[in-house]
Structure formats: structure tokens, C-alpha cells
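Data block below; observations after.
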Amino acid sequence: MRMLILILAAAAAIAAQNETDIALQRAIRKETIEGDLKGAIEEYRKISQSTDRGLAAKALIRMADCYRKLGDVEAEKIYERVVRDYADQKEAVAIARARVGVPASPGSGIRTRRVWTLPPMTENFGGVSSDGRYLPYVNWVQSGDLYMRDLVAGSDRRLTNTGTVRPGVKKSQEERAEEWAFSRDGKQLAYAWLRNEIYELRLIDLQGNGVPQPRQLVRSEDISWIGPYDWSPDGKTIAVGIERKDKSAQIGLVSVADGSLRILKTIVWRGAHAMFFSRDGQFLAYDLPSAETTEERDVFLLAVDGSREAILVKHPSQDALLGWSPDGSHLLFSSDRTGRPGLWALPVARGKAQGPPVLLRSDLSADKTMGITATGALRYSTSEVSLADIQSATFDLNKGEFLSTPIQAINTFVGSNVAPDWSPDGKTMSYASRRSSVGSHYFVLGFRSLESGHTREVLPSPNFQYLWSLRWQPDGTSLIASGRDHKGRNGVFRVNAKTGETSIVVEADGVNFAVVSSDGKMLYYSTKRSDNEVLVKRDLASGEETELLRQSKVLAINLSPDGRYIVTANRNALGMFLAMQLVPVTGGEPRVLLDPKHEAFGPLLVWAPDSRWFITRGMKRTSDGKAELWRVPIDGGQPVKLAGSVDFMAQGTFALHPDGRQVLFQVKVERRPQEVWVLENFLPVLSESK
Amino acid sequence: MLLAAVIAIPLGLDLYLPAPEDNPLTTQKIELGRRLFFDRRLSRDQTISCATCHDPVRAFSDGRAVAAGVFGRIGRRNSPALINRGYGRAFFWDGHVKTLEEQVLQPIQDPNEMDLTLAEASTRTGLSIAEISHALASFVRSILSGDSSYDRFLNGDRAALNAEQQLGLQVFRGKGNCTSCHVGPNFTDEQLHNTGVAWRDGKLADLGAGKGNFKTPTLREVSRTAPYMYDGSLATLEDVIEFYDKGGRANPNLDSEIHSLRLAANEKRALAAFLRSLTRF
Chain A
-2 MRMLILILAA
8 AAAIAAQNET
18 DIALQRAIRK
28 ETIEGDLKGA
38 IEEYRKISQS
48 TDRGLAAKAL
58 IRMADCYRKL
68 GDVEAEKIYE
78 RVVRDYADQK
88 EAVAIARARV
98 GVPASPGSGI
108 RTRRVWTLPP
118 MTENFGGVSS
128 DGRYLPYVNW
138 VQSGDLYMRD
148 LVAGSDRRLT
158 NTGTVRPGVK
168 KSQEERAEEW
178 AFSRDGKQLA
188 YAWLRNEIYE
198 LRLIDLQGNG
208 VPQPRQLVRS
218 EDISWIGPYD
228 WSPDGKTIAV
238 GIERKDKSAQ
248 IGLVSVADGS
258 LRILKTIVWR
268 GAHAMFFSRD
278 GQFLAYDLPS
288 AETTEERDVF
298 LLAVDGSREA
308 ILVKHPSQDA
318 LLGWSPDGSH
328 LLFSSDRTGR
338 PGLWALPVAR
348 GKAQGPPVLL
358 RSDLSADKTM
368 GITATGALRY
378 STSEVSLADI
388 QSATFDLNKG
398 EFLSTPIQAI
408 NTFVGSNVAP
418 DWSPDGKTMS
428 YASRRSSVGS
438 HYFVLGFRSL
448 ESGHTREVLP
458 SPNFQYLWSL
468 RWQPDGTSLI
478 ASGRDHKGRN
488 GVFRVNAKTG
498 ETSIVVEADG
508 VNFAVVSSDG
518 KMLYYSTKRS
528 DNEVLVKRDL
538 ASGEETELLR
548 QSKVLAINLS
558 PDGRYIVTAN
568 RNALGMFLAM
578 QLVPVTGGEP
588 RVLLDPKHEA
598 FGPLLVWAPD
608 SRWFITRGMK
618 RTSDGKAELW
628 RVPIDGGQPV
638 KLAGSVDFMA
648 QGTFALHPDG
658 RQVLFQVKVE
668 RRPQEVWVLE
678 NFLPVLSESK
Chain B
595 MLLAAVIAIP
605 LGLDLYLPAP
615 EDNPLTTQKI
625 ELGRRLFFDR
635 RLSRDQTISC
645 ATCHDPVRAF
655 SDGRAVAAGV
665 FGRIGRRNSP
675 ALINRGYGRA
685 FFWDGHVKTL
695 EEQVLQPIQD
705 PNEMDLTLAE
715 ASTRTGLSIA
725 EISHALASFV
735 RSILSGDSSY
745 DRFLNGDRAA
755 LNAEQQLGLQ
765 VFRGKGNCTS
775 CHVGPNFTDE
785 QLHNTGVAWR
795 DGKLADLGAG
805 KGNFKTPTLR
815 EVSRTAPYMY
825 DGSLATLEDV
835 IEFYDKGGRA
845 NPNLDSEIHS
855 LRLAANEKRA
865 LAAFLRSLTR
875 F
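First to last, the sequence lines map onto chains A and B.
Residue numbers for the first sequence follow the working numbering, beginning at -2 and rising by one.
Residue numbers for the second sequence follow the working numbering, beginning at 595 and rising by one.
Encoded structure:
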């Protein structure tokens, strides 16, 4: 009998445990899938009453996370409570500490400061000198040449003078600089140089004045990109990343003496975000996505003689290499395992980890490491980002004016949401959301149900490096995207709306727009061919293609609802509006609807349902900071200015709901400049933690 | 130990040749593995060695459509060429094995191949099972093919490929879409794909790894490893090119990368010529 009671008690306990687990899963779903943060908080609050302290601590952390997303200071109190009352729950305490910014070791005195904000039209592609004083940058105003900033003196030095990036120069004739790496003594700089559509590795001596004479180290027609990452301590070898024309990527070692290249390892296409030689020069540390289909990186260590490799940091989180501590005892990396990116240190000796990693700093808003200086300061940069959001409104097509004030349609990851569209049945709003962390960026596709208000997120697989357009296919099961995937392929892709599975429809360069006919049989896309942009019609069943138009630059393409015409907006090589043309999809001469003598117009915004006219926008800002709306008939009549206007920062095309009234559109909100930061005095924390 | 002291990595292949920490490459193990590879005692009737189906003369394949085993038994799949398998991440046509150490023991135990228990193999050779596994895996790791005309071409010798082979390389990377699966120095993504080969009479003749998926084989030495595909059903490289030109064989799970190529006759010839340049042995 006693045994039976024990069994029953155990069964009841298991059932209770299962119930609590299920409740936790339900709450997580409410938080992450349904986006109902307040509802999730109530669920977590109930679970936090559990006698299972592990579960309770977990629920408290998630509850605090929800408060934090809501901007509620209650979050801090709950994190502190976890630190104070749940000391036995080490993982939860570590996360709570990280969230509230409690340093791993009290009194550490870690400091961050902004060193420099890059001027407009300049870009950072690499690291600083080991003394932290010099930072090269690519100057797009000066033809894509390489300059070097003296961060102490505040002066600039030109390092190259053969760049050709300027209006009117064809892409195939462009010369410009990209990634670079300083030798350890700061006397030499290796950098990538694009010439005649081939990247080469060059070397310059920084001693002396004036523009140094470069020496070509590597140039191969089979290599589509090569970039230096780090110099070996003895100055004899440069670690490089390589992309081959067969869409494979590699890690290589280049001899400084003769430019010979040894391939160490073939890797996944996205390649390493950072590579650094160990202090003794025997190993090369780097980070890579753990698989083709995941965004999460791990950190590896490879012997430079090719004899062995070790995974130093393997964790289901985003782990990106930052560098080595100056004494070579620790490998520094960022990881978001606590929920946001932090600075971690891993003790390493003889090519192997010597213990668990230590959290040095709980938040690190970096996009790319620029290396650890000789004094142990971490230099890193943030990215220049063009931010955009999605707005929705009711729109009167005939009058050409908004019937409601446009409102922000997506309230999560604000500033990162683009490419809105409606599903063919009008029940779902889709969009792409750009996500990023140290050394990685990718896209999540969002599908918001208009019926339930719930948003479902799907990760494209393979994901996208760039995503230019995203439109539903007529069958409502998949979307057509244009961009570049994480396998390095440019072109048009089909993305399964349910699973995110992505397959390439056609591989082509410079595809900015793609749209499928309403019967699903024809694909129309713009692509770059021999320095021209071409509008192509492709039969999806047979693969047969027809060129419909060849122009210097296609700004946008829009298929009429009756499927008979495409309207293109074109500009010339100098970026000036050239024409808006009506292109019959069955072939034949395109007809110019608007040419440069008209007031400057932007891309078509929306077609009339009967395909007899469309609405476009002016490109001049009105006195109230908006853009005029114009109706353009396709029968050759004059454009008519409409009563309404649109946010001047609106980009691309309206997505019109099947009800003919609701529109979605993308609005550029601001531009964040690229900044260089330094994180100092974190090494003492490391010493204290030993 | 320096890898270079044990084995020479040919031009075109990665310097880093993966090996598990508990089985580093040594010349002794490679040599022992070589002896075991040719040792017929590892089969029930002592008529079959690893080399029977993986004949060095045929780039470590056997020239048969499907493998032949002890007592005249017939297997169901083509013997894959054991070329550059040290770089592999999945083994057998269905990719169900993840390490060479595990892979080399399976044919010994397969009733249709060598039909021996591991205990029997151990007794017959006087070696432990781990020693057999480590030695055979080490020998397989030492089977490397690189330094082909293609590798020399990539390394700057622009005369290493003739004009037709260069056109073939263009087709391979472009219109042929071959690199969507046959990528990198070893010409394989080590992934599973359904090309429709197994689709016969409206059903799958072999599920492979499921849904008719089979692992992408290397193309190194491909001109010497006929017949082709998991079942050896295509006799020549030209047959394979025709198969893919037509878009594989349509079936419900056909890989999205497989579609009709519309190659011209000269492009097909060039592609075959390029594939023949991937030979070193």
C-alpha cells in the first residue's frame, strides 16, 4: 500500500511537473510567437510561484525580459531579485547579472568610448594598427581610394590614388579598395583591391610620406574575392579569406615574400568574420557559422601547418571572434548566450581551451571587431545602416489621397523592417526584418495574420545576405525574392512561406526586382548584363528567356494587374531620372510615358485595378516635407497632379490589399553613421576572475 | 606531428585534412591500413577485400553497376570511388555514417559485401577492432586526388586546360548549375539531393536517405569511375550530362536545383571534356 502511495505521489509530482513545463512552453509561445508580452508576463508570474526553483528562476528571467521589451523598469527589479534570491540557480543568475549590467567582477572599471565617427561617404572594412592609432578607411568621395586616419593627430593620409569609383565609370572598370590588415609593427598594410572585376591582394609600405607604391601579392582569375585578416607575428604570412567563382570559400595563407597562396581549409560560403594568429604564430583562430543553414557562429582554432583543428567555442548562440589578449593566454569573443551580446574570454594554451569562458562585459554593441591593441583595448565598429520601417494606411486610389494617417505597421525591430506585401487572399501581411549581431546579419520573414493579429516568423534557409524585393506568388504558398543568398548566389529565389525553404529560380547579377505573372507562369526581373540593365521575361516551366528592355539603370519594375504591361522607371549612369516606360510583356517597342522634360518622378507607386493608369510620386520635396502624387494614364495622356501626397521618405512601391483600399509601404527613417569605439580596461577583470 | 611529414597534400586540396583526435595520421597506420585494404581474410569466403570494390586501378571504384560481394552476392548500390574521403562529412550513398572510422567497418559486416563479424575480423587479423578501424580509416584518408589539369589551371597555368575544357568549366559553373552541388576542391557539398535517379515507374526504387535523396559524390577522377549514379544506371559521362540536361527525372521530391539546362551540343561536349580534366592518377 505504501508503495502504491509512493508511486501515486511520484506520478502526481511528475504530472505537476509536466503541467508546469507545459505552462512554461505556453507562456514562451505567447511571448515569442504571439507577441502578447503582457499575457506572457501573467503566465510567467504564475509559474514563478512554483516550488521548483530552477523553473521559477527561469520564469522570472523571461518575465523580466518581457518587461524590458515593454520598456518597464520592473525588469531591473526582477533581475536583481534573481541575483539576490536564486544564488543556487547559476545559469539564471548569470543571465540576470548580464541583463542588469552587473560586472562579473565588482569594481572592474571597464570603459567604452567612441573614438571616431566616420564622415559621410567613407567606410571601414578592417582593423586598426596594433598601437590603436591608425585607422584606414575607403573614401567613396575620392574614387574608392584608401585613406588612413591618425586618430591621435586627427589628420588623414591618402594611401592609394588609382581608384575610379565615380559617376559615369562602368562597374566593370571600377578600381577601389576594400578590406585591410596591418603588419604587427604597423609598417606595412595589406589590402584588397578590385581591378577589372577581380579582387587582388596588395601590399604597401607605410614608412615615409606620400602615396606609397603598391606591390601585388595575389591576383587570380579564379578568385572572385580575397581579403586580408591578420599578419603572422613574424610578418612572413598573411591570413586571407577567399571566395572562389564556384561559390566555395576558403581560408588561406599568403607568403609576404613571394605571394604564394596555400589553402588551409574550405569553409561555408559566409566565411569568417574575423581571423587572428595566436601569439606564437602556430595557430589561427576564426569564427564560422556552425552549418550552412544556421546563423549562429562558433569559434575554431586551426594549426597553420594543417595538422589539427579544434572547436574552441561551441554553443547554440552567436559566438564571434574578437581577438587574443595581448599575452596570448585568452581568446576574446562576443556571445549572445545571455540574451544580448557580451564580451567573453576563453583561456587557451597549446591549441586547446583550458577552462570555461568568463563573461567580462555584459553588453557589447559591436558589428565588427577591429582587433585588440597591444595595450589590450578592443577596437570595434558599428555599421552604417540605412533604416526603414513599414507604414500602413487606407488609400483612395481614385482621388490619390490617404483616408487615414499612415501608422507604423510593425512595432518590433523598429527600423529594420522592409519589403511589405499582402498575401493574395488578403489575410496576411508579409515583410522582411533585418537582424544583425557581431559579424553576422540575416533576414527573418514576418507573416502577420489580419484575423488573429499574431505574427509568425520564418527563417529563410539558406538565408539572405541582401534582400531587394519580396513579393507573394499568386498561389499564396511562396514568395519571390531577389537578392543574394548565404551561398553567395545572386538572383531570384522562391521562399516557402510556411517553412522558409529557399531555392534559386534563376541565378543572375544585379537583380533588384522580380515579379511573377498572375497565372504564375512568367517571371519578370531586372538584371545586369554587360554594363546594362536588362528587363527579362522568363518562362518558369521551360526556362526560356526574352529580353524586353535594355537600359542603363532600372529603378523599379511593376506589372499591370491585367498582366499586359510592365512600367519601368529608369535613370542614366549619372543617377538622373531618364524615363518611365511602358513595356508590353509580349514584346514590341517600349513607349516613354514620362521623360526628363517632365518634373522629376520616382517609381510607380500603385496601378489602377483596370490597368488604365497608375499613380507615381514626385521626387521634389513639397513645402510640407512630402512628395506629390500624380496619376499617369498609359494611353499617352498628360499626367495629372492629385490632391494627396506621401511621406517624402517613402521608398519603392505600395502594396495594395485585394480590397483596393489598404496600402503598405516602406519609409526610410534615418541613417546611422559608422562609428569606431574602444573598450578599455577589461583585462583586469580577467586577472580577477582567475 | 607535422601533417606534411606523414602525407603530401596535392595541389588544389586543403592543407588541413581532418582526422579525429584519437586517430591522428601516422605512416605506420596508413601502411597497416593499406595491407588490410587488400586483405581478403576480411571476407567470409576470403575472396573479397576492400580493394575488390575499390580498385586503385579504377580510381578506387570497381567498374560495375552495383557491388559484388562474397559467394557471388550482389549488392544494391554502386561502389563509390574512395577519393579524397578524408575531407568527407557523410559516408555511403545515403550519408548515414558520419566518420571514416565507423564507415570502414560496415562493409566488413554487410552480408552482401564481406559478411564477417567484427570479432571474426579481429581474430583473423590479430588486431583489435579499433586498430582495424583506425588503420583502414587512415589509409582511406591517404587516398588523395589533386594536382590535375584543372588545379594547375586554377593555380595560374592558363594553358593547363584547352579551350574546350575552359568552355566546359564555364558551363560547369554557369549554365550547367553543376556547382550548386559539386562545389569546392572536392567537387561535393557532402549533402543529400534527389535528382530523380531512383524514381522508376512512378515510385522510388530506393529511398536512399529518404525521399530518394543521395549524397553528392566527388567528381575527382570521374572519368575513371563509370558507371555513374548511386545505382550505376548511367554508363558514360555523356549519359550523365544528358540526364541533367533534361532536368533529372521529375518526381515529387526533385531537388529544387535540378531543372532542364538547355545545353547546346558543343556545351555538352565541353562539359564532358572539362570533367575529364579532373584526373590525376
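Ideal placement from N, C-alpha and C gives every residue a C-beta, glycine not left out.
- A straight-line Cα-Cα distance of about 24 Å links E707/B and L786/B.
- Residue environment analysis places F410/A among the exposed positions, since fewer than 16 neighbouring C-beta atoms fall within 10 angstroms of its C-beta.
- F868/B: member of the alpha helix (DSSP H) spanning 859 to 870, first to last residue.
- The alpha-carbon separation between R358/A and G106/A amounts to approximately 11 Å.
- Neighbourhood of R259/A in chain B, by CB distance below 8 Å: L609, in chain order.
- Contact between Y377/A and K396/A does not hold, since the beta-carbon distance rounds to 51 Å and is not under 8 Å.
- Contact annotation: the segment 736 to 752 of chain B does not touch the segment 826 to 844 of chain B, with fewer than three C-beta pairs closer than 8 Å.
- Under the Cβ criterion of 8 Å, G303/A is counted among the residues facing chain B.
- In the structure shown, D418/A falls within a strand segment according to DSSP collapsed to helix, strand and coil.
- Put simply, the backbone Cα of F598/A is about 22 Å away from that of E586/A.
- If the five residues before and after F665/B are omitted, its C-beta is found closer than 7 Å to the C-beta atoms of D639, all from its own chain and listed in chain order.
- Residue-level contact by beta carbon holds for T263/A and chain B, with a gap shorter than 8 Å.
- P230/A is not bridged by DSSP to any residue.
- Between P225/A and Y188/A, the gap from beta carbon to beta carbon is short of 8 Å.
- Partner residues in the beta bridge of V533/A, as assigned by DSSP, are Y522/A, E544/A.
- When DSSP reads this structure, H438/A sits in a beta bridge with S433/A.
- Pairing E861/B with K805/B gives a Cβ-Cβ distance that is not under 8 Å.
- Between D255/A and L214/A, the alpha-carbon positions lie close to 7 Å from each other.
- Along the segment 768 to 783 of chain B, going in chain order, the ones with a CB nearer than 7 Å to a CB of chain A are T773, V777, G778, P779.
- For T452/A, the enclosing beta strand (DSSP E) covers residues 452 to 455.
- Taking a C-beta cut-off of 9 Å against chain B, the contacting residues of the segment 297 to 324 of chain A are L299, A300, V301, D302, G303, S304, R305, E306, A307, listed in chain order.
- Closer than 8 Å to the CB of H853/B there is at least one CB belonging to chain A.
- If you draw a 10 Å sphere on the C-beta of H270/A, you find 16 or more other C-beta atoms in it, and that means buried.
- Proximity to M823/B across D649/B, L611/B, G627/B, R670/B peaks at R670/B, based on C-alpha coordinates.
- Pairing P846/B with W793/B, the inter-Cα distance amounts to about 9 Å.
- When the alpha-carbon of S314/A is set against those of A374/A, V296/A, R154/A, S362/A, the nearest one is in V296/A.
- Close to S850/B, with beta-carbon spacing below 7 Å, are these residues of chain A in chain order: S500.
- Annotation for R658/B: no beta strand (DSSP E) segment contains it, and DSSP assigns it neither H nor E.
- Per DSSP, L34/A has no beta bridge partner at all.
- Note on geometry: alpha-carbon atoms of P417/A and Y428/A lie some 4 Å from one another.
- Using a Cβ-Cβ cut-off of 7 Å, S479/A is close to nothing in chain B; its nearest Cβ partner there is about 17 Å away.
- Of all residues in the segment 708 to 737 of chain B, none has a C-beta nearer than 9 Å to a C-beta of chain A.
- When beta bridges are read from the DSSP output, G123/A appears opposite no residue.
- Between P133/A and L156/A, the C-beta gap is smaller than 8 Å, which places the two residues in contact.
- With the criterion set as a beta carbon lying under 9 Å from some beta carbon of chain A, the members of the segment 855 to 874 of chain B are L855, R856, in sequence order.
- Under DSSP, K623/A forms a beta bridge with D644/A.
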